[in-house]
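First up is the structure itself, then whatever we jot down about it.
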Amino acid sequence: MQSLLSTVASFVVLLSISLTTSVSIEEAFNHCLTLHSKTPNQFSSSIYTSTNASFTSILESTAQNLRYLLPSVPKPDFIFTALDDSQVQAAVVCAKQLRVHMRVRSGGHDYEGLSYASLIEKPFMVLDLAKIRAVNVDIEHNTAWIQAGATIGEVYYRIAEKSSVHGFPAGLCTTLGIGGHITGGAYGSMMRKYGLGADNVLDAKIVDANGRVLDRAAMGEELFWAIRGGGGGSFGVILWWKIKLVPVPQTVTVFTVTKTLEQGGNKLLHRWQRVAPKIDEDLFIRVIIQPGNGSVPGKRTVTTSYNALFLGGADRLLRVMKHGFPELGLTRKDCVETSWIKSVLYIAGYPDGTAPEVLLQGKSTTKAYFKAKSDFVREVIPEKSLNALWEIFLQDDGPLMIWNPYGGMMSRIAEPATPFPHRKGVLYKIQYVTGWTDGEKSMAKHMNWMRKFYFYTAPYVSKYPRETYVNYRDLDIGMNQKNNTSFFQACSWGYRYFKGNFNRLVKVKTKVDPSNFFRHEQSIPPLPTGKKG
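According to the numbering used here, the residues represented by the sequence shown are 50 to 582, in order.
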């Protein structure tokens with residue numbers, strides 16, 4: 050009865066506020082927070098509007114794609130930086146009551162800026178989780194509880210701080226926010242040994258569309274399944290993940306070997322396609338492909354850099370390579386034996402000698418304007434076709450491809466085990482990126498090149514559907530319209546991200562968020578059973 054009276058009272062207060070035209074949305078939101086948070090404070094100091102001197106710096110603080118910070122892109126009406134779980138819970142309740150569209154940001158790495166920009170709805174707010182970043186490691190039980198605002202680099206550091214023989218199989222980029230990262234799957238350099246980050250989640254705490262804080266037992270297995278790979282922003286706000294730590298050797302080995310086309314790079318890459326998915330699962334060899342200077346002055350070529358982590362020492366690695374991939378010509382001199390935590394820095398591209406404490410900085414120092422896409426490859430691309438591909442690749446000023454091998458554990462986990470379906474039969478994943486520095490000036494040129502290149506590669510990648518990685522969001526493949534998240538429209542990207550798991554995700558969404566409170570340009574649609582919140 051007391052709860053009912055409290056709800057009615059808060060509704061009356063909010064109604065009176067909404068009828069007073071002189072009260073702004075953020076003022077009404079601020080007042081609502083004081084009614085609903087278990088830890089009331091001066092919320093106004095955590096709410097940033099465009100008139101606040103800190104608004105731009107807060108908005109840009111973790112936003113990775115400068116394309117979504119251009120003046121032409123709509124900005125949030127306000128940003129709320131929550132300090133604890135109850136404030137996140139209150140923010141959801143208040144946004145729903147005031148009918149303010151909400152975007153949720155943990156690390157800001159969304160490729161299409163969906164965590165801090167909205168192309169389809171106004172007004173909207175950003176719920177920023179950057180100050181909710183505890184990492185509680187329990188070595189005795191091989192687990193850790195992590196708050197959504199922590200970066201994966203912080204997670205790695207805190208694990209290594211407690212143990213040199215424990216790790217976690219997630220992202221290679223260390224500034225990814227763990228909250229959103231795992232919702233899409235979370236792949237990394239130990240995926241062939243241990244699967245994805247999402248495959249190693251034991252529990253979670255979320256705020257659902259009704260403002261309830263739920264753990265695995267309370268949310269049920271269907272919702273717990275959906276949040277581990279079904280993409281962020283559709284089912285609730287992740288507060289915590291409980292992860293399972295995995296064993297790593299005291300000594301691991303890393304290497305990078307680079308070959309240009311003139312050095313036989315094309316033939317080598319053709320061979321890699323056959324070898325990398327089948328070689329010892331302790332070995333992860335990705336290929337970073339970009340332009341470089343050729344042997345002829347002034348003429349560009351293509352460089353292929355074989356960037357690898359091996360869970361073991363150099364002697365065993367050399368035996369594995371001699372048997373499985375002798376064509377690369379790996380030598381003992383190429384190999385660097387190191388600790389697992391230092392291998393994280395190596396794979397992430399930090400300069401030699403960088404101290405692991407850099408992982409505690411918590412956000413990226415480099416940003417760019419970029420457009421990205423992805424593909425999954427199930428059949429080896431012929432050598433002749435690779436040669437033709439380079440001609441179009443070199444037409445762009447700043448192209449990049451990263452080929453990540455699959456196989457190993459990834460082939461042994463069934464497609465329906467999590468929403469992430471790209472498992473058995475996938476040889477490798479391609480990430481395509483084009484980047485530039487002059488904002489809107491050359492944006493159209495780079496965007497058009499990317500679409501052209503993506504069109505050209507279609508015959509060589511997965512088909513029906515053409516599979517795509519949800520954490521590399523791509524609005525070119527379809528998006529929801531304002532006030533309309535339809536199942537029919539969502540199929541255009543839903544089956545490409547999730548294959549047959551898309552139908553199950555829709556059923557979960559319909560059950561847990563029928564009013565579609567959590568929504569964005571590519572959110573999972575509920576079936577039409579209720580009105581939007």
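Note that beta-carbon positions come from the ideal geometry of N, C-alpha and C, so glycine has one too.
Check whether residue i and residue j have beta carbons under 9 Å apart
i	j	result
V303	F359	yes
S392	T517	no
L449	I334	no
R207	V250	no
T111	G226	yes
T125	R152	Here residue 125 is Pro; the residue named in the question, Thr, does not match the sequence. Closer than 9 Å, so yes.
L377	Y395	no
H604	N520	For the chain, the structure presents residues 50 to 582; residue 604 sits outside this window and is missing.
L408	T223	yes
L576	F547	no
T232	I287	yes
M240	G216	no
L108	V175	yes
R381	S511	no
V429	R515	no
G260	Q138	yes
G314	V345	no
I441	Y509	no
I74	D248	no
Y503	F425	no
I96	S283	no
I451	V475	no
Whole-angstrom C-beta distance between residue j and residue i, which should lie under 8 Å
i	j	result
I169	Q530	7 Å
E330	G457	3 Å
I390	Y513	With a Cβ gap of about 42 Å, I390 and Y513 do not count as contacting.
A197	G228	3 Å
M459	G220	Contact flag wrong, Cβ pair sits at about 15 Å.
L178	R154	7 Å
H150	S164	Actually they are not in contact, since the Cβ atoms of H150 and S164 sit about 13 Å apart, beyond 8 Å.
P470	N552	That pair is no contact at about 12 Å.
Chain B contact for residue i (CB, 9 Å cutoff)
i	result
A397	Any reference to chain B falls outside this structure, which holds one protein chain only.
Whole-angstrom distance between residue j and residue i, CA atom to CA atom
i	j	result
V306	D383	7 Å
V72	T559	34 Å
Q444	Q480	17 Å
A258	D401	46 Å
K211	M499	44 Å
L583	A325	Since the first and last residues shown for the chain are 50 and 582, residue 583 lies out of range.
F566	D523	22 Å
K87	G362	51 Å
A3	E432	A question about residue 3 goes unanswered here, because the residues of the chain that appear run from 50 up to 582.
E9	A209	The displayed coordinates of the chain run from 50 to 582. Any statement about residue 9 would go beyond what the structure contains.
C143	V184	28 Å
V256	V141	8 Å
L310	T353	8 Å
D264	S135	14 Å
T70	H80	Because the pLDDT at T70 is just 44, under 50, the model does not fix this residue reliably, and the point stays unresolved.
K308	M492	30 Å
S67	F104	Only weak support is given to the placement of S67: the predicted model assigns it a pLDDT of 45, under 50, and the value that follows is read from those uncertain coordinates. Each residue's Cα considered, the two are about 24 Å apart.
K348	P340	10 Å
P218	A77	43 Å
F374	L332	11 Å
D562	V301	45 Å
A627	Q299	Outside the displayed span of the chain (50 to 582) sits residue 627, for which this structure offers no information.
G501	A421	Correcting the residue identity first, residue 501 is Lys in this sequence and not Gly. Answer to the nearest angstrom: the Cα atoms are 13 Å apart.
S213	P172	48 Å
T387	G411	23 Å
F590	Y418	A question about residue 590 goes unanswered here, because the residues of the chain that appear run from 50 up to 582.
H569	G343	44 Å
Y45	G285	This structure cannot settle anything about residue 45, because the visible part of the chain is limited to 50 through 582.
C540	A507	19 Å
**OP:** Identify every run of the alpha helix (DSSP H) within the segment 237-268, keeping only runs that are complete inside it and at least 4 residues long; order them along the chain.
**Re:** Uninterrupted alpha helix (DSSP H) stretches at least 4 residues long and entirely within the segment 237-268 occur at 240-243, 265-268, given in chain order.
Subject >> Ranges of the alpha helix (DSSP H) found wholly within the segment 534-568, counting only runs of at least 4 >> reply: Along the length of the segment 534-568, whole alpha helix (DSSP H) runs at least 4 residues long occupy 536-547, 550-561, reported in chain order.
Original post:
In chain order, which continuous runs of the alpha helix (DSSP H) of length 4 or greater are located wholly inside the segment 282-363?
Top reply: Within the segment 282-363, the complete alpha helix (DSSP H) runs of at least 4 residues are 314-324.
Subject >> the segment 275-293 contacting the segment 189-197, beta-carbon criterion three pairs below 8 Å >> reply: By the C-beta criterion, the segment 275-293 is judged to be in contact with the segment 189-197, since at least 3 inter-stretch pairs fall below 8 Å.
**OP:** Decide if the segment 360-373 is in contact with the segment 481-500; the criterion is three or more beta carbon pairs, one per stretch, under 8 Å apart.
**Re:** Put simply, the segment 360-373 does not touch the segment 481-500. Fewer than three CB pairs are less than 8 Å apart.
**OP:** Assess, as a yes-or-no matter, whether the segment 461-469 is touched by the segment 262-282 under the definition of 3 or more beta carbon pairs within less than 8 Å.
**Re:** Put simply, the segment 262-282 touches the segment 461-469. At least three CB pairs are less than 8 Å apart.
Original post:
Are the segment 104-120 and the segment 149-169 touching, with three or more C-beta to C-beta distances below 8 Å?
Top reply: With contact defined as three or more Cβ pairs closer than 8 Å, the segment 104-120 and the segment 149-169 are in contact.
Original post:
What are the start and end residues of each continuous alpha helix (DSSP H) run of 4 or more residues lying completely inside the segment 360-399, in chain order?
Top reply: List check, alpha helix (DSSP H) in window: 363-373, 389-397.
Subject >> Sequence ranges, beta strand (DSSP E) only - wholly within the segment 98-149, length at least 3 >> reply: As for any beta strand (DSSP E) of minimum length 3 sitting wholly inside the segment 98-149, the runs are 127-130, ordered along the chain.
Subject >> Residue ranges of each beta strand (DSSP E) within the segment 160-242, 3 or longer >> reply: Every unbroken stretch of the beta strand (DSSP E) spanning 3 or more residues and falling wholly within the segment 160-242 is given here in chain order: 173-177, 184-187, 192-196.
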